[in-house]
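One structure below.
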Amino acid sequence: MKRPARIAVLASGRGSNLQCLLDGIAGGQLDADIVGVFSDKPAAAALDKVPAALCWARSPKDFDSRDAFDAALGDAVAACKPDWIICAGYMRILGADFVQRFSGRLINIHPSLLPLHKGLHTHARAIEAGHAEHGASVHFVVPELDAGAVIAQARVPVLPGDTPETLAERVLGIEHPLLLASVQLLVSGRVAEQEGMIRLDGQSLLSPLRLDSAGTLSG
Ligand code: GRF
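Under the numbering used here, think of the first position of the sequence shown as 1060, with each following residue one higher.
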């Protein structure tokens, strides 16, 4: 029998996306084990969601350089022998060496419909731009910020009177099923990245998969 995939999660904040992966594992929707949770914020609430023995958290301030922090993080991640590394609300930019070390198995969830609104403050920027729709994307991580191949997206409407906070809450509601379904596709071996393209069941995807209201991804 195939063993569950080993997943490392990087998180800086409250950890609701991590919780959704944990719930998916408990509920039998995700065939994986969380083998480590890693943070650049030693007080992150995400760290309370798994046993302390699985956690690694260090402040970048305690390192001489960005590269030194990334190297320590990378060694800690590698030590838990993950098949996949998921950035779930990890708010620090990962250096090129780290990204290359885990290339092809490093994934991020970003709260926008990439390639729109890379970086921070995505909800405010979607409102300012007057978009009718906003959402979230799950993508492979490459050295350029939020620029890797997008596996899947989920959309929400932008409603009249939305503030960045109300829109963020609506997006978070679809981030969770999006992340869960995307990670299950990855661990099942059906999705891979090849030369900047996503392949599903061996076929190149021309556009990201979309999450439907039943929580299923389709082309
Ligand atoms: C999510 O919106 C994620 O997409 C973003 O940060 C937020 C983290 O939420 N990058 P949580 O820590 O998983 O609750």
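C-beta: ideal position from N, C-alpha, C; glycine also.
Output needed for residue i: all residues of its chain with C-beta closer than 8 Å, excluding positions within five of it in sequence on either side, in chain order.
i: lysine 1108; result: Gly1074, Leu1077, Gln1078, Leu1081 and Val1096
i: proline 1101; result: Ala1116, Arg1117 and Ser1118
i: leucine 1259; result: Leu1244, Arg1249, Val1250, Leu1268 and Gly1278
i: arginine 1151; result: Ser1071, Asp1099 and Pro1119
If distances are taken between C-alpha atoms only, which option among the options comes closest to residue i?
i: aspartate 1090; options: Arg1125, Ser1098, Pro1063 and Ser1071; result: Pro1063
i: leucine 1245; options: Ala1273, Leu1270, Ile1166 and Ala1155; result: Ile1166
i: glycine 1154; options: Leu1132, Pro1110, Trp1143 and Leu1172; result: Leu1132
i: alanine 1227; options: His1182, Arg1269 and Ala1070; result: His1182
i: arginine 1269; options: Ile1210, Pro1174 and Arg1184; result: Ile1210
i: valine 1250; options: Ser1277, Arg1229 and Asp1271; result: Ser1277
i: glycine 1148; options: Gly1220, Gly1274 and Ala1070; result: Ala1070
i: serine 1241; options: Cys1146, Val1094 and Ala1206; result: Cys1146
i: aspartate 1271; options: Leu1265, Leu1237, Gly1255 and Ser1263; result: Leu1237
With a threshold of 7 Å (Cβ to nearest heavy atom), would residue i be considered close to the ligand GRF?
i: histidine 1169; result: yes
i: glycine 1148; result: yes
i: glycine 1083; result: no
i: alanine 1195; result: yes
i: arginine 1073; result: yes
i: glutamate 1224; result: no
i: alanine 1286; result: Here the chain comprises residues numbered 1060 to 1278, so residue 1286 is not present and cannot be evaluated.
i: alanine 1105; result: yes
i: alanine 1240; result: no
To which residues of the same chain is residue i closer than 6 Å at the C-beta, ignoring the five residues directly before and after it?
i: phenylalanine 1128; result: Pro1119 and Phe1122
i: glycine 1194; result: Leu1172, Gln1212, Ala1213, Arg1214 and Val1215
i: leucine 1218; result: none
i: glycine 1083; result: Leu1089 and Leu1239
Is residue i helix, strand or coil when you go by DSSP?
i: phenylalanine 1199; result: strand
i: histidine 1193; result: strand
i: isoleucine 1233; result: helix
i: serine 1241; result: helix
i: glycine 1095; result: strand
i: cysteine 1139; result: coil
i: serine 1088; result: This sequence places glutamine at residue 1088; serine is not what is there. Of the three classes helix, strand and coil, the one that applies to glutamine 1088 here is coil, per DSSP.
i: arginine 1258; result: strand
i: alanine 1104; result: helix
i: isoleucine 1152; result: coil
i: arginine 1160; result: helix
i: leucine 1165; result: strand
i: arginine 1062; result: coil
Which same chain residues, not among the five before or five after residue i, have their C-beta less than 7 Å away from its C-beta?
i: isoleucine 1233; result: Gly1194, Ala1195, Ala1213, Val1215 and Leu1270
Item to check | Touch test, the stretch 1185 to 1196 against the stretch 1149 to 1164, Cβ-Cβ under 8 Å, three pairs minimum | outcome: With contact defined as three or more Cβ pairs closer than 8 Å, the stretch 1185 to 1196 and the stretch 1149 to 1164 are not in contact.
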